[in-house]
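If you count by the numbering used here, then the sequence shown holds residues 17 to 626, one letter each, in order.
One structure is given here, and the rest of the page talks about it.
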Amino acid sequence: MLAQRTLSLAAGRAIYAYGTHVPDLTKALPSENINLSAKILPLRTVVTVDDSQWSKEFLHWPQFHNGVAAGLRISPNNQCSDSWIDFCVPQELDPQSGGILLALGLNGILKKLPLVHWYRFVTQQCDLVNVGFILGAAVAYRGTKDIKVTKVLSVYIPALLPPESASFNHSNAIQATGLLSMGLVYMHSCDRLMASIMLREIAKHAYTDPSTLDNDYEGCALAAGFSLGFMTLGLGENALPVVDPQLRNKLHSLMTGRTSEEATSSINLDVTSPGATVALALMYLKTENSRVAEGIELLETRPYLNYVRPDFLLMRVVAKNLIMWSTIQPTSAWIDAQLPDFLNEDMADESATLDAEVCKQAMINIICGACLCIGLRFAGSKNPTAFQTLLQRLDALIKDLNLPGTTPQQRVTKCAIRAGIDVLCTAAAMVMAGTGDRELLQRLEQLHHRVTSDMAYGNHMAVSMSLGLLFMGLGGYTLTTSNEAIAGLLCAFYPFYPMTTEDNRYHLQAFRHLWMLAVDSRWLMPFDVGNKKPCRVPMKLEIYNDDGEGKLIKSIKLDGDRYWPLSVNMLHDGKYQNSIIKSGVIFVKRKDKKKSYEEDPYGKRNLTWK
17 MLAQRTLSLA
27 AGRAIYAYGT
37 HVPDLTKALP
47 SENINLSAKI
57 LPLRTVVTVD
67 DSQWSKEFLH
77 WPQFHNGVAA
87 GLRISPNNQC
97 SDSWIDFCVP
107 QELDPQSGGI
117 LLALGLNGIL
127 KKLPLVHWYR
137 FVTQQCDLVN
147 VGFILGAAVA
157 YRGTKDIKVT
167 KVLSVYIPAL
177 LPPESASFNH
187 SNAIQATGLL
197 SMGLVYMHSC
207 DRLMASIMLR
217 EIAKHAYTDP
227 STLDNDYEGC
237 ALAAGFSLGF
247 MTLGLGENAL
257 PVVDPQLRNK
267 LHSLMTGRTS
277 EEATSSINLD
287 VTSPGATVAL
297 ALMYLKTENS
307 RVAEGIELLE
317 TRPYLNYVRP
327 DFLLMRVVAK
337 NLIMWSTIQP
347 TSAWIDAQLP
357 DFLNEDMADE
367 SATLDAEVCK
377 QAMINIICGA
387 CLCIGLRFAG
397 SKNPTAFQTL
407 LQRLDALIKD
417 LNLPGTTPQQ
427 RVTKCAIRAG
437 IDVLCTAAAM
447 VMAGTGDREL
457 LQRLEQLHHR
467 VTSDMAYGNH
477 MAVSMSLGLL
487 FMGLGGYTLT
497 TSNEAIAGLL
507 CAFYPFYPMT
517 TEDNRYHLQA
527 FRHLWMLAVD
537 SRWLMPFDVG
547 NKKPCRVPMK
557 LEIYNDDGEG
567 KLIKSIKLDG
577 DRYWPLSVNM
587 LHDGKYQNSI
597 IKSGVIFVKR
607 KDKKKSYEED
617 PYGKRNLTWK
């Protein structure tokens with residue numbers, strides 16, 4: 017149980033230590049090993065886990081995440097070259113090397129690697145090296161429609177291969193990576209061919225007997241849904257004439273199982289619904305299209321509880337409200353308004369015991385979906401109302417963990433509660449990203465120390481990533497809410513986490529690192545050009561809406577008489593303004609015969625004082 021928690025830490029450390037290391041180009045990239053030893057108190061005996069009891073693949077994904085954490089420590093202002101990349105990656109590639117390659121792609125460093133070096137990585141036997149490289153390359157070249165990346169990715173997508181070509185028999189993990197990577201490369205493009213292929217991939221196994229399919233086939237459909245969403249991101253109705261006039265109706269049918277034509281067999285919604293829901297949400301993101309939002313049905317009447325899986329309700333609430341972006345309110349009243357009336361009535365009626373647990377499962381998922389919307393809407397804002405609302409809901413679910421779970425339905429409810437806690441932890445951490453808030457830290461510490469048999473690997477991963485968000489980049493970074501950022505956050509914090517280290521059934525673990533698309537530098541460091549050192553200088557920031565996001569800052573002005581006056585109009589889109597937002601450095605010069613604030617904090621000395 018303790019090993020499960022230890023193996024999940026790297027996913028959070030990648031966020032926590034982001035951009036904090038300037039690499040020495042004469043040395044290899046340093047990385048921490050996974051330590052599976054524990055000290056048993058009070059005897060202080062060190063016990064090490066015997067890893068021979070696990071399968072060979074059990075440690076592969078934790079090692080992959082460990083490689084990502086090592087690579088994402090590299091500062092964005094680096095001088096890394098293609099020769100350094102070749103120097104850092106060993107000849108014998110392993111899962112950790114795959115993680116490093118993904119991190120280099122997320123940082124944009126992989127674009128410096130010449131095409132001739134790509135062959136070495138795409139021909140590896142290790143699946144995780146392939147996953148890391150192609151996903152990293154796709155992130156580095158996102159939105160470019162780059163032809164060389166397209167050719168490489170086409171090898172991993174059977175639908176893009178010629179009919180007479182030999183099958184490469186790639187695993188579903190590699191195929192899912194190829195599908196989502198193509199969406200990143202063609203982001204915002206509305207490419208008709210690629211979009212039609214992704215739609216076919218969502219519906220590929222709609223009528224197939226699940227017993228005849230390989231493991232993790234559901235993940236391919238979800239990856240195709242994200243890919244289609246990336247290609248049509250925020251374009252709404254404008255995407256239909258370019259891609260397919262019936263695209264919206266087809267996605268709605270795959271989401272709900274309802275078709276205008278008489279079908280001989282029913283659609284397997286377990287496969288198609290998650291991907292179609294995500295694609296619809298991203299396609300109409302922030303468009304305020306009420307017609308599409310109203311078409312995303314939750315529960316019209318009580319009998320629908322027998323036909324709609326409770327976890328589907330969570331994503332439908334998210335999709336509905338991401339479309340109606342401006343209507344998201346950070347209040348408990350807004351969250352409760354998402355619940356159908358009959359659910360509130362059934363929960364209030366103590367005599368309605370027949371489906372009480374089913375109603376509770378539906379209610380938990382709907383509430384958690386609404387809370388995730390608040391987390392996305394107010395990501396990086398430190399909005400006190402949103403944070404307190406999420407904190408109250410988190411406390412309520414933590415309290416519900418102590419409820420008895422004796423019957424099968426009660427045990428299912430407890431699983432829904434644990435999944436809901438994962439969602440609420442990440443939602444609250446999104447709002448307070450980079451702040452180190454003590455209230456949230458106390459809750460996360462409580463969950464971190466909860467090492468019990470019912471805490472799965474994915475539960476620990478969600479807590480670890482939440483802790484990483486809370487101290488993102490050691491407090492120097494937070495999140496932004498652009499369309500690309502919201503898409504990346506939804507993919508990284510997709511609300512259903514793996515049960516074990518090898519679990520990629522519904523969502524590939526490599527996609528958990530796409531939070532990088534939402535990173536926003538939110539620190540400001542005065543740099544004295546006289547002594548070439550960082551310094552302390554009082555400053556005044558004029559901002560919009562009490563939000564420190566770079567694009568919402570009106571002006572930066574030095575406050576005090578020890579340094580030469582400086583006022584930067586951030587409303588002007590110039591090179592200096594962009595440099596401040598990107599690097600966080602503002603250059604200042606101290607006046608002659610003036611002490612620095614480090615030497616004289618209160619202004620009681622002068623240069624003649626000894």
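Each residue gets a CB set at the ideal place from its N, CA and C atoms; glycine is no exception.
Predicted model, so just to flag it, every value in this text is computed and none were measured.
Could you check the C-alpha separation between P261 and G252 for me, to the nearest Å? Taking the sequence shown and counting its residues from 1, one reaches residue 261 at position 245. Taking the sequence shown and counting its residues from 1, one reaches residue 252 at position 236. Each residue's alpha carbon lies about 12 Å from the other.
For L315, which residues of its own chain have a beta-carbon under 8 Å away from its beta-carbon, when the five flanking residues on both sides are left out? Your numbering for residue 315 matches position 299 in the sequence shown. So the qualifying residues of the chain are L321, V324, L329, P356, F358, L359, A378.
Let me check one thing: in DSSP terms, what residues is S537 bridge-paired to? As a first step, residue 537 must be located in the sequence shown, where it is residue number 521. Beta-bridge pairing links S537 to Y493.
Have a look at W70 and E518 and give me their C-alpha separation to the nearest angstrom. Translated into positions along the sequence shown, residue 70 becomes position 54. Translated into positions along the sequence shown, residue 518 becomes position 502. Roughly 11 Å separates the two Cα atoms.
Within 10 angstroms of the Cβ of M17, are there 16 or more other Cβ atoms? Answer buried if so, exposed if not. Position 1 of the sequence shown, counting from 1, holds the residue named residue 17. Answer is exposed; the Cβ neighbour count stays below 16.
Taking only the alpha-carbon atoms, compute the straight-line gap between M555 and I437 and give it to the nearest angstrom. Taking the first residue of the sequence shown as 1, we reach residue 555 at position 539. Taking the first residue of the sequence shown as 1, we reach residue 437 at position 421. Between M555 and I437, the C-alpha separation is close to 39 Å.
Simplified DSSP state of I380, which is helix, strand or coil: Within the sequence shown, the letter at position 364 stands for residue 380. DSSP places I380 in helix when its eight states are reduced to three.
Which partner residues does A501 have in the DSSP bridge list? As a working note, residue 501 is residue 485 in the sequence shown. Beta-bridge partners of A501 (DSSP): none assigned.
So what's D416 in DSSP terms, helix, strand or just coil? Start at 1 with the first residue of the sequence shown, and residue 416 comes out as number 400. Residue state, collapsed to three classes: helix.
Would you mind sorting I150 into buried or exposed? The rule is 16 or more other CB atoms within 10 Å of its CB. Taking the sequence shown and counting its residues from 1, the one referred to as residue 150 is at position 134. Burial call: buried.
Could you check how far apart the C-beta atoms of N284 and H221 are, in whole angstroms? I think they sit under 8 Å. Translated into the one-based positions of the sequence shown, residue 284 becomes position 268. Translated into the one-based positions of the sequence shown, residue 221 becomes position 205. Yes, they are in contact, since the Cβ atoms of N284 and H221 sit about 7 Å apart, within 8 Å.
Alpha carbon of L249 to alpha carbon of G194, nearest angstrom: Residue numbering aside, residue 249 sits at position 233 when the sequence shown is read from its first letter. Residue numbering aside, residue 194 sits at position 178 when the sequence shown is read from its first letter. Cα to Cα, the separation comes out at about 18 Å.
To the nearest angstrom, how far is the alpha carbon of R332 from that of C384? Residue mapping note: residue 332 aligns to position 316 of the sequence shown, counting from 1. Residue mapping note: residue 384 aligns to position 368 of the sequence shown, counting from 1. A direct Cα-to-Cα measurement between R332 and C384 gives close to 11 Å.
Classify S197: buried if its beta carbon has 16 or more other beta carbons within 10 angstroms, exposed otherwise. Numbered from 1 along the sequence shown, position 181 holds the residue referred to as residue 197. The residue is buried, with at least 16 neighbouring Cβ atoms inside 10 Å.
Within 10 angstroms of the Cβ of T369, are there 16 or more other Cβ atoms? Answer buried if so, exposed if not. To locate residue 369, count along the sequence shown from 1; it is residue 353. Interpretation of T369 is limited by its pLDDT of 49, a score under 50 that renders its predicted location unreliable; no figure is taken from the coordinates.
For S53, which of helix, strand or coil comes out of DSSP? Along the sequence shown, one-based indexing puts residue 53 at 37. In this structure, S53 counts as strand in the three-state DSSP scheme.
What's the call for S181, buried or exposed, on a 16-neighbour Cβ count within 10 Å? Numbered from its first residue, the sequence shown carries residue 181 at position 165. Taking a 10 Å sphere around the C-beta of S181, we find fewer than 16 other C-beta atoms and assign the residue as exposed.
In the DSSP assignment, find the alpha helix (DSSP H) that holds I213 and state where it starts and stops. Here residue 213 corresponds to residue number 197 of the sequence shown, with the count starting at 1. It spans 208-218 - the alpha helix (DSSP H) in which I213 sits, taken as one unbroken run.
Please state whether DSSP places R606 in a helix, a strand or coil. Sequence index remark: in the sequence shown, residue 606 carries index 590 (1-based). R606 falls in the strand class under three-state DSSP.
Which same chain residues, not among the five before or five after E310, have their C-beta less than 7 Å away from its C-beta? Sequence index remark: in the sequence shown, residue 310 carries index 294 (1-based). So no residue of the chain qualifies.
Length of the line joining the Cα atoms of R552 and E373: Counting from one through the sequence shown, the residue named residue 552 turns up at place 536. Counting from one through the sequence shown, the residue named residue 373 turns up at place 357. Taking the straight line joining both Cα atoms gives about 58 Å.
So what does DSSP say about I572, is it helix, strand or coil? The count along the sequence shown starts at 1 and reaches residue 572 at position 556. The three-state secondary structure of I572, taken from DSSP, is strand.
Buried or exposed, going by whether 16 or more other CB atoms sit within 10 Å of the CB of K376? Locating residue 376 in the sequence shown gives position 360, counting from the first residue. So K376 counts as buried.
Out of S97, A19, Q404, state which residue places its alpha-carbon closest to the alpha-carbon of R454. Working through the sequence shown from its first residue, we reach residue 454 at position 438. The residue with the shortest Cα to Cα distance from R454 is Q404.
Identify whether F543 lies in helix, strand or coil by the three-state DSSP scheme. Within the sequence shown, residue 543 is the residue found at index 527, counting from 1. DSSP places F543 in strand when its eight states are reduced to three.
For the alpha helix (DSSP H) containing I31, list its first residue and its last residue. For the purposes of this step, residue 31 is taken as the residue at position 15 of the sequence shown. DSSP places I31 inside the alpha helix (DSSP H), whose first and last residues are 18-32.
Do the CB positions of T166 and V201 come within less than 8 Å of each other? Numbered from its first residue, the sequence shown carries residue 166 at position 150. Numbered from its first residue, the sequence shown carries residue 201 at position 185. The answer is yes: Cβ separation under 8 Å.
Secondary structure at E108, three-state DSSP: helix, strand or coil? Counted from its first residue, the sequence shown places residue 108 at position 92. Coil, per DSSP.
Tell me whether I559 sits in a helix, a strand or coil according to DSSP, three-state version. Reading the sequence shown from its first residue, position 543 is the one you call residue 559. Of the three classes helix, strand and coil, the one that applies to I559 here is strand, per DSSP.
Counting C-beta neighbours from all protein chains within 10 Å, is the total for D327 16 or more, i.e. buried, or is it exposed? Working through the sequence shown from its first residue, we reach residue 327 at position 311. By the neighbour-count rule (16 or more Cβ atoms within 10 Å), D327 is buried.
Would A26 pass as a contact of A85 if the rule is Cβ separation under 8 Å? For the purposes of this step, residue 26 is taken as residue 10 along the sequence shown, with counting starting at 1. For the purposes of this step, residue 85 is taken as residue 69 along the sequence shown, with counting starting at 1. Their beta carbons are under 8 Å apart, which means A26 touches A85 by this criterion.
Going by the DSSP bridge assignment, what does K548 pair with across the sheet? Here residue 548 is taken as the residue at index 532 of the sequence shown, counted from 1. In the DSSP assignment, no residue is bridged to K548.
Is the Cβ-Cβ distance between K570 and L582 less than 8 Å? For this step, residue 570 is matched to residue 554 along the sequence shown. For this step, residue 582 is matched to residue 566 along the sequence shown. The answer is no: Cβ separation not under 8 Å.
For G235, count neighbouring C-beta atoms within 10 Å of its own C-beta (all shown protein chains included) and say buried if the count is 16 or more, exposed if not. The residue labelled residue 235 in the question sits at position 219 within the sequence shown. By the neighbour-count rule (16 or more Cβ atoms within 10 Å), G235 is buried.
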